[in-house]
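In my numbering, the protein residues as written are -1 to 124. Even for Gly, the Cβ is constructed at its ideal location relative to N, Cα and C.
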């Protein structure tokens, strides 16, 4: 994010001048107005620091259509592998746990059960 401090500060001071007039019309004292200004200035400074030290990721950079790396965000290029997720979903049976049973005799017996009985065991183990 780019920050033009001169431009932003000029906008801030213009807004503060307008607010000072509103505060005076509302009956605030100069001390109260100054306290409001100091608070707003601290928020302005925090926003400036955040803008200077934050590098936004361009969401368009994630499109597969952009074949070139030129002009892409350096953070995206550096951490692309960390920001990319691939899902591999395998549909397994609800009763796949039977395949994990190490005792062959027990596994064979479980496989021969009726579906209703196997469901009851699955619910009980679940």
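Each of 75, 0, 103 was checked against the Cα of residue 47, and the nearest Cα belongs to 0. Check the Cα spacing between residue 32 and each of 43, 45, 15, 44: the tightest is with 15.
For the pair of segments examined, the stretch 96 to 103 was found not to touch the stretch 71 to 82: the number of CB pairs separated by less than 8 Å stays below three.
Ranked by Cα distance from residue 94, the options 84, 85, 119 are led by 119. Ranking 3, 124, 97 by CA distance to the CA of residue 45 puts 3 first. Secondary structure of residue 120 (DSSP, three-state): helix. Taking each of 39, 40, 73, 37 in turn and checking the Cα distance to residue 52, the smallest one comes out for 73.
DSSP places residue 34 inside the alpha helix (DSSP H), whose first and last residues are 28 to 51. Taking the C-beta atoms as reference points, residue 108 is found nearer than 8 Å to residue 116. Take residue 34, set aside five residues on each side of it, and the residues of its chain with a beta-carbon closer than 8 Å to its own are 17, 21, 26, in chain order.
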